[in-house]
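11 is the number of the first residue of the sequence shown in the numbering used here; add one for each residue after it. The beta carbon of each residue, even a glycine, is placed where N, CA and C say it ideally should be.
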Amino acid sequence: MNLPTSAEMTERLRTWIERYRVAGASVAWMHDGTIETAAAGVININTGVETTPDALFQIGSITKVYTTTLIMQLVDEGRLDLDAPATKYLPDLRFGDAPSAPLITLRHLPTHTSGVDGDFFDDFGRGDDCVEKYVAACASLPQVFAPGAMFSYCNAGFVVLGRIIEGITGMPWHAALKQRIIDPLALKQTVTLPEDALLHRTAAGHAFNAKIEMERTRYWSLPRATGPAGATLCSTVSDLLALAKMHIDGGVTADGARILSDASVRAMQQSQFDLPAVPGEGAAHWGLGWMLFDWGGRRVIGHDGGTIGQMSSLRILPDEHFAVAVLTNTTPSGALLTSRILRWLFGEAGIELPERPKPPETPPDIDVRPYAGVYERLGLRTELTVDDAGRLNARYISTGALSDLAAALPPEPLFPLTESVFLGRQPYTGAFVPITFSDFKDGRPAYLHATRVSRRSE
């Protein structure tokens with residue numbers, strides 16, 4: 011592999027954070043156990059403190075890999091069965107559709123196939139009982155589809171997994187994480203609580219206002235109760251690669267201690283659900299906790315994370331003992347910077363990422379009127395309308411606990427690729443992201459898929 015030096019990456023990072031409008035970024039890449047790091051920009055535009063490779067960022071939903079690793083440790087110990095109902099371990103577990111709860115197995119939760127509408131971010135305080143209180147409140151969450159029928163990203167499912175971990179281990183999720191993963195891997199700069207993060211150089215989040223000006227975010231983190239899904243865990247790029255190395259090495263730590271069986275490592279990396287085929291560099295399949303990618307005919311695993319003003323990414327090429335971690339503190343532009351870094355590093359490793367999607371010069375002749383309507387899920391209402399030129403437009407309205415964090419935006423056009431796949435334009439960055447429709451009845455789709463499933467309500 012013709013990988014860059016830290017100096018070469020630092021030089022490019024300085025240029026790229028300006029180009030993509032990112033406050034700061036930290037990058038690490040590993041091949042055969044050797045790690046290189048680079049960083050540029052600032053961790054907080056209000057203080058001007060520089061970003062260094064030892065800076066802590068919120069890793070967001072990469073946390074789901076840690077939570078799944080904890081679950082698989084308990085499977086190894088014979089204390090959990092992935093194909094048992096979740097209610098076996100949480101007898102009082104309820105969702106909005108009471109008959110569905112006993113049909114949801116542990117396997118449905120780390121694969122996002124439970125059918126539960128799961129972007130639930132209510133705050134249950136900072137006590138050690140916050141996860142327990144959160145899971146009790148899941149009784150109000152709607153069931154969007156039957157368990158196992160579809161994929162829909164579900165944060166609530168991972169908080170349920172966190173509560174199961176608490177019940178089995180007899181300690182809060184964050185304490186189990188420290189005892190069973192953080193300490194054995196010697197992750198000296200991985201913490202779950204803000205009072206611990208304050209002891210380090212820690213990034214603040216940034217986002218763009220309605221005038222497309224970068225601002226530091228008003229809040230630092232999501233509610234602690236959603237920690238098992240990704241709200242609270244902070245880390246450095248080097249610590250992230252220590253986790254990656256353990257999964258590359260079949261569950262063994264750098265000093266030879268086994269914390270996960272090789273069988274469980276392999277099971278996590280096996281496809282559990284095939285995602286709809288769409289253009290771009292996104293995941294093609296979902297494993298147990300891992301996102302699975304088909305890049306250049308090669309098997310790549312990883313996960314992404316997004317919190318309030320921070321974005322993270324981890325990608326691993328297990329067969330080549332190669333991994334890349336990227337941490338940024340600006341949304342949504344951090345995603346464009348991350349894509350640029352991954353394309354360069356994986357290109358140097360001989361793997362070409364799929365081209366990012368863009369609308370065709372000659373769009374297909376599709377009557378978009380049947381798509382018009384309102385599609386809803388927790389946290390988001392999507393209104394699709396047809397303008398006088400016959401184009402389909404989408405207006406996204408944030409609802410629920412995090413609605414005050416999102417600025418109101420004008421409608422954006424959707425560009426058809428096929429009868430079921432359209433491209434939407436991401437606010438602020440202009441990047442195109444795939445949106446799919448399914449379950450057509452009389453030409454009208456019942457579901458809109460954009461990582462999460464939204465159900466037609468009007």
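- Hey, quick one: how far does the alpha helix (DSSP H) through residue 395 stretch, first residue to last? The residue labelled residue 395 in the question sits at position 385 within the sequence shown. That residue, residue 395, is in no alpha helix (DSSP H); its beta strand (DSSP E) goes 390-396.
- Message: Check whether the stretch 232-246 and the stretch 274-294 touch, using three or more Cβ-Cβ pairs below 8 Å as the test.
- Response: Using a C-beta cut-off of 8 Å, the stretch 232-246 makes no contact with the stretch 274-294, since fewer than three inter-stretch Cβ pairs fall below that distance.
- Message: Under 8 Å, with one C-beta from each stretch per pair, do the stretch 144-151 and the stretch 90-110 reach the 3-pair mark?
- Response: Segments in contact, yes.
- Identify which residue in 419, 365, 367 and 370 has its Cα closest to the Cα of residue 390. By one-based count along the sequence shown, residue 390 stands at place 380. Looking at the Cα atoms, 419 is the closest of the given residues.
- Query: From residue 193 to residue 184, what does the alpha carbon distance come to, in whole angstroms?
  - Reply: Along the sequence shown, one-based indexing puts residue 193 at 183. Along the sequence shown, one-based indexing puts residue 184 at 174. Approximately 12 Å, taken between the alpha carbons.
- Message: Relative to the C-alpha of residue 14, which candidate in 77, 40, 385 and 343 has its C-alpha closest?
- Response: Residue 14 sits at position 4 when you count from the first residue of the sequence shown. That would be 40, whose Cα lies nearest to the Cα of residue 14.
- Presumed contact (8 Å Cβ cut-off) between residue 48 and residue 16, rounded CB distance: Within the sequence shown, the letter at position 38 stands for residue 48. Within the sequence shown, the letter at position 6 stands for residue 16. Contact holds; Cβ gap of about 5 Å.
- Buried or exposed: where does residue 362 fall if 16 or more other Cβ atoms within 10 Å of its Cβ makes it buried? Translated into positions along the sequence shown, residue 362 becomes position 352. Looking at its Cβ environment, which holds fewer than 16 other Cβ atoms inside 10 Å, residue 362 is exposed.
- How big is the Cα-Cα spacing for residue 369 and residue 78? In the sequence shown, residue 369 corresponds to position 359, counting from 1. In the sequence shown, residue 78 corresponds to position 68, counting from 1. The C-alpha of residue 78 is placed about 37 Å away from the C-alpha of residue 369.
- Task: Check whether the Cβ atoms of residue 253 and residue 195 lie closer than 9 Å to each other.
- Result: The count along the sequence shown starts at 1 and reaches residue 253 at position 243. The count along the sequence shown starts at 1 and reaches residue 195 at position 185. At a Cβ-Cβ threshold of 9 Å, residue 253 and residue 195 count as neighbours.
- Message: If we require 4 or more residues per run, which alpha helix (DSSP H) segments fall completely within the stretch 65-103?
- Response: For secondary structure counted as the alpha helix (DSSP H) over 4 or more consecutive residues, the stretch 65-103 holds these complete runs in sequence order: 73-86.
- Message: Measuring straight from C-alpha to C-alpha, what distance separates residue 250 and residue 110?
- Response: On the sequence shown, position 240 is the one that residue 250 refers to. On the sequence shown, position 100 is the one that residue 110 refers to. The straight-line gap from Cα to Cα measures roughly 36 Å.
- Helix or strand or just coil, what does DSSP make of residue 321? The residue you call residue 321 lines up with position 311 of the sequence shown. Residue state, collapsed to three classes: strand.
- Message: Quick check: what's the CA-CA separation for residue 155 versus residue 20?
- Response: For the purposes of this step, residue 155 is taken as the residue at position 145 of the sequence shown. For the purposes of this step, residue 20 is taken as the residue at position 10 of the sequence shown. Computed Cα separation, rounded: 46 Å.
- Task: Would you mind listing the alpha helix (DSSP H) stretches within the stretch 118-157 that are 4+ residues and don't spill past its ends, in chain order?
- Result: The alpha helix (DSSP H) runs of length 4 or more contained entirely in the stretch 118-157 are, from start to end of the chain, 140-147.
- Message: Using C-beta distances below 6 Å, list every residue in its chain close to residue 439, excluding the 5 sequence neighbours before and after it, in chain order.
- Response: Counting from one through the sequence shown, the residue named residue 439 turns up at place 429. In its chain, beyond the 5 residues on either side, 342, 343 and 346 have a beta carbon closer than 6 Å to the beta carbon of residue 439.
- Bridge partners - residue 313, DSSP secondary structure assignment: Residue numbering aside, residue 313 sits at position 303 when the sequence shown is read from its first letter. Answer by DSSP bridge pairing, in chain order: 324.
- Provide the residue(s) that pair with residue 386 in DSSP beta bridges, ordered along the chain. The sequence position of residue 386 within the sequence shown is 376, counting from 1. Answer is 391 and 465, bridged to residue 386.
- Task: Tell me, to the nearest whole angstrom, how far the beta carbon of residue 270 is from that of residue 282; I am working on the premise that it is less than 8 Å.
- Result: On the sequence shown, position 260 is the one that residue 270 refers to. On the sequence shown, position 272 is the one that residue 282 refers to. Actually they are not in contact, since the Cβ atoms of residue 270 and residue 282 sit about 17 Å apart, beyond 8 Å.
- Three-state secondary structure assigned by DSSP to residue 177: Taking the sequence shown and counting its residues from 1, one reaches residue 177 at position 167. The three-state reading of DSSP puts residue 177 in helix, counting H, G and I together.
- Item | Rounded Cβ spacing between residue 319 and residue 340 (contact assumed at less than 8 Å) | Counted from its first residue, the sequence shown places residue 319 at position 309. Counted from its first residue, the sequence shown places residue 340 at position 330. At roughly 7 Å, the Cβ-Cβ gap stays under 8 Å, so residue 319 and residue 340 are in contact.
- Kindly confirm or deny that the stretch 351-361 and the stretch 449-458 touch, where touching means at least three C-beta pairs closer than 8 Å. Counting Cβ pairs under 8 Å, fewer than three are found: no touch.
- Who are the Cβ neighbours of residue 132 in its own chain at under 8 Å, not counting the five residues just before and after it? Counting from 1 along the sequence shown, the entry for residue 132 is found at position 122. Cβ-Cβ distances below 8 Å link residue 132 to 144, 147, 233, 235 and 411 in the same chain, with the five nearest sequence neighbours on each side left out; the list follows chain order.
- Query: Taking the alpha carbon of residue 289 as the point to measure from, which residue in 266, 366 and 29 has its own alpha carbon closest?
  - Reply: The sequence position of residue 289 within the sequence shown is 279, counting from 1. For residue 289, the nearest C-alpha among the options comes from 366.
- Item | residue 479 and residue 409 closer than 9 Å at C-beta | Outside the modelled stretch of the chain, which goes from 11 to 468, sits residue 479, for which no answer is possible.
- Can you tell me which of 379, 338 and 98 puts its alpha carbon nearest to the alpha carbon of residue 36? For the purposes of this step, residue 36 is taken as the residue at position 26 of the sequence shown. Answer by Cα proximity: 338.
- Item | Residue environment, residue 221, which counts as buried when at least 16 other CB atoms sit within 10 Å | On the sequence shown, position 211 is the one that residue 221 refers to. Classification for residue 221: exposed.
- Inter-stretch contact at 8 Å, needing at least 3 Cβ pairs: the stretch 197-213 / the stretch 325-334: Below 8 Å, too few C-beta pairs join the stretch 197-213 and the stretch 325-334 to call them touching: fewer than three.
- Message: Residues in the same chain with beta-carbon distance under 6 Å from residue 456, minus the five sequence neighbours each way, listed in chain order, please.
- Response: Locating residue 456 in the sequence shown gives position 446, counting from the first residue. Apart from the 5 residues on each side of it in sequence, residue 456 sits with its Cβ closer than 6 Å to the Cβ of 449 and 466 in its chain, given in chain order.
- Message: I'd like to check one pair, residue 73 with residue 215: are the Cβ atoms closer than 9 Å?
- Response: Position 205 of the sequence shown, counted from the start, is the residue given in the question as residue 215. Position 63 of the sequence shown, counted from the start, is the residue given in the question as residue 73. Cβ distance not < 9 Å, so residue 215 and residue 73 don't count as in contact.
- Item | Assigned secondary structure, residue 257 (DSSP; H/G/I helix, E/B strand, else coil) | In the sequence shown, counting from the first residue as 1, residue 257 sits at position 247. Secondary structure at residue 257: helix, using DSSP grouped into helix, strand and coil.
- Hey, out of 95, 98, 382 and 169, whose CA is closest to residue 129's CA? Looking up residue 129 in the sequence shown gives position 119. It is 169.
- Item | Identity of the residues DSSP links to residue 225 by a beta bridge | As a working mapping, residue 225 is identified with position 215 in the sequence shown. Residue 225 pairs with 217.
- With distances taken from CA atoms, which of 248, 261 and 378 is nearest residue 44? Your numbering for residue 44 matches position 34 in the sequence shown. Put simply, of 248, 261 and 378 the residue whose alpha carbon is nearest the alpha carbon of residue 44 is 248.
- Message: With H, G and I counted as helix, E and B as strand and the rest as coil, what does DSSP make of residue 521?
- Response: In the structure as shown, the chain begins at 11 and stops at 468. Residue 521 is therefore absent and cannot be evaluated.
- Message: Along the chain, where does the beta strand (DSSP E) containing residue 449 start, and where does it finish?
- Response: For the purposes of this step, residue 449 is taken as the residue at position 439 of the sequence shown. Its beta strand (DSSP E) spans residues 442-451.
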